[in-house]
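Novice:
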Amino acid sequence: AQSVAQPEDQVNVAEGNPLTVKCTYSVSGNPYLFWYVQYPNRGLQFLLKYITGDNLVKGSYGFEAEFNKSQTSFHLKKPSALVSDSALYFCAVRDMNTGRRALTFGSGTRLQVQP
Amino acid sequence: DTAVSQTPKYLVTQMGNDKSIKCEQNLGHDTMYWYKQDSKKFLKIMFSYNNKELIINETVPNRFSPKSPDKAHLNLHINSLELGDSAVYFCASSQDTGGYTFGSGTRLTVV
Chain A
391 AQSVAQPEDQ VNVAEGNPLT VKCTYSVSGN PYLFWYVQYP NRGLQFLLKY ITGDNLVKGS
451 YGFEAEFNKS QTSFHLKKPS ALVSDSALYF CAVRDMNTGR RALTFGSGTR LQVQP
Chain B
1236 DTAVSQTPKY LVTQMGNDKS IKCEQNLGHD TMYWYKQDSK KFLKIMFSYN NKELIINETV
1296 PNRFSPKSPD KAHLNLHINS LELGDSAVYF CASSQDTGGY TFGSGTRLTV V
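Chains as they are written, first to last, in our numbering: chain A, 391 to 505; chain B, 1236 to 1346.
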């Protein structure tokens, strides 16, 4: 079974500082990994994905994520946080070695960027 | 051009009623999904359809019945609504190893 863990319910960071939102995953085969962001009363917006290739993936709004196979992690990062980055962030995984196409989501991490 | 559209956006209804949520995608994707987001923001897969065929049916009460008239549509019908059904329901679609696109959600409130 595939699963995702986001160990932090909330991350607080000052504007201009770097941010990291953590994600670890568990799959039996090769992972297909995603980050989504959700603003209040809005849908899920795609940030970035990893399926193969370079372990550092660059996405929307200046976000990037680093795939680490040995640590089964896919942490989301941004060099300089903005107040407008404050939102709920979800990590998700799909096991590419099964026929199951549906994504499994983590519990979400609320990012709060203080001015 | 909305890629995945859901209607209605908000739905308030009384316990015991039957309601439907509609979803349409214009991306040409072959797989569509329904997810439920509860009050704690957990997102859980309910159903998945691939080319109109039911692929995933998670542990969801029989009161929930998905219907896919064609590849571009996946509707969700809910019978005998209960208070615990109150949530935000998201439709999504995907194709092979492409991305997953989500609708803006339907906030269902059962009173």
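Note that beta-carbon positions come from the ideal geometry of N, C-alpha and C, so glycine has one too. Since the model is a prediction, treat every value here as computed from it, not as a measurement.
Can you give me, in chain order, the residues of the stretch 1307-1341 of chain B that have a beta carbon less than 7 Å from any beta carbon in chain A?
Specialist: Going along the stretch 1307-1341 of chain B in chain order, one finds Phe-1325, Ser-1329, Thr-1332, Gly-1334, Tyr-1335, Phe-1337, Gly-1338, Ser-1339 and Gly-1340 with a Cβ nearer than 7 Å to chain A.
Novice: Which residue's Cα is closest to the Cα of Val-1345 (chain B): B:Gly-1338, B:Val-1323, B:Phe-1337 and B:Ser-1339?
Specialist: Among B:Gly-1338, B:Val-1323, B:Phe-1337 and B:Ser-1339, the Cα nearest to that of Val-1345 (chain B) is on B:Val-1323.
Novice: Which chain A residues sit within Cβ distance under 9 Å of Ile-1256 (chain B)?
Specialist: Ordered by position in chain A, no residue passes the 9 Å Cβ test against Ile-1256 (chain B), which lies about 14 Å from the chain.
Novice: Do Tyr-1270 (chain B) and Leu-1309 (chain B) have their C-beta atoms within less than 7 Å of each other?
Specialist: No, the Cβ-Cβ distance between Tyr-1270 (chain B) and Leu-1309 (chain B) is not below 7 Å.
Novice: Consider the C-beta atom of Ser-1300 (chain B) and the heavy atoms of the ligand MG; say whether any pair is separated by less than 6 Å.
Specialist: With respect to the ligand MG, the structure shown offers nothing to examine, as it has no ligands at all.
Novice: Within the chosen definition, does the stretch 395-415 of chain A reach the stretch 1251-1268 of chain B through at least 3 CB pairs nearer than 8 Å?
Specialist: The stretch 395-415 of chain A vs the stretch 1251-1268 of chain B: no contact.
Novice: Determine whether the Cβ of Gly-443 (chain A) lies closer than 7 Å to any Cβ atom of chain B.
Specialist: Cβ-Cβ to chain B under 7 Å: no for Gly-443 (chain A).
Novice: As a quick exercise: from B:Gly-1319, B:Asp-1305 and B:Asn-1261, pick the residue whose alpha carbon is nearest that of Ser-1198 (chain B).
Specialist: Not covered by the structure: residue 1198 (chain B). The range shown for chain B is 1236 to 1346.
Novice: Cα-Cα, which of A:Phe-495, A:Val-417 and A:Asp-444 is closest to Asp-485 (chain A)?
Specialist: Measuring from the Cα of Asp-485 (chain A), the nearest candidate turns out to be A:Val-417.
Novice: List the DSSP bridge partners of Thr-410 (chain A).
Specialist: Its beta-bridge partners are A:Lys-467.
Novice: In chain A, which residues lie with their C-beta within 9 Å of the C-beta of Tyr-1245 (chain B)?
Specialist: Going along chain A, no residue has its Cβ under 9 Å from Tyr-1245 (chain B), so there is no contact; the nearest lies around 10 Å.
Novice: Using 8 Å for Cβ pairs, my map puts Trp-425 (chain A) next to Gly-406 (chain A). What's the rounded Cβ distance?
Specialist: About 21 Å; that fails the 8 Å criterion.
Novice: Are Lys-439 (chain A) and Phe-453 (chain A) close, meaning C-beta to C-beta below 7 Å?
Specialist: No.
Novice: Considering only C-alpha positions, which residue in the set B:Tyr-1268, B:Arg-1298 and B:Ser-1315 is nearest to Ser-1329 (chain B)?
Specialist: Nearest C-alpha to Ser-1329 (chain B): B:Tyr-1268.
Novice: Listed in chain order, which residues of the stretch 1264-1281 of chain B have Cβ atoms closer than 7 Å to some Cβ of chain A?
Specialist: Of all residues in the stretch 1264-1281 of chain B, Thr-1266, Tyr-1268, Lys-1276, Phe-1277, Leu-1278 and Ile-1280 have a Cβ within less than 7 Å of some Cβ in chain A.
Novice: Taking C-beta pairs closer than 7 Å, name the residues in chain A that Ser-1303 (chain B) reaches, listed in chain order.
Specialist: Those do not exist, as Ser-1303 (chain B) stays about 14 Å from chain A at its closest Cβ, beyond 7 Å.
Novice: What does DSSP give as the partner residue(s) for Met-486 (chain A) in the beta ladder?
Specialist: Answer is none; Met-486 (chain A) lacks a bridge partner.
Novice: May I have the straight-line CA-CA distance separating Asn-458 (chain A) from Tyr-429 (chain A), to the nearest angstrom?
Specialist: Rounded to the nearest angstrom, the two C-alpha atoms are 27 Å apart.
Novice: Sort A:Thr-494, A:Asp-475, A:Thr-499 and A:Leu-501 by Cα distance to Pro-421 (chain A) and report the nearest one.
Specialist: It is A:Thr-494.
Novice: Using a Cβ-Cβ cutoff of 9 Å, what residues of the stretch 480-492 of chain A are near chain B? List them in chain order.
Specialist: Result list: Phe-480, Ala-482, Arg-484, Met-486, Gly-489, Arg-490, Arg-491 and Ala-492.
Novice: Note down, in chain order, each residue of its chain lying with its Cβ closer than 6 Å to the Cβ of Val-1247 (chain B), except the 5 sequence neighbours on either side.
Specialist: Cβ within range, chain order: Thr-1344.
Novice: Apart from the five residues just before and just after Ser-1300 (chain B), which ones in its own chain have a Cβ nearer than 7 Å to its Cβ?
Specialist: Closer than 7 Å at the Cβ level, and outside the excluded window around Ser-1300 (chain B), lie His-1312.
Novice: For Asp-475 (chain A), which three-state DSSP category applies?
Specialist: Reduced to three states, the DSSP call for Asp-475 (chain A) is helix.
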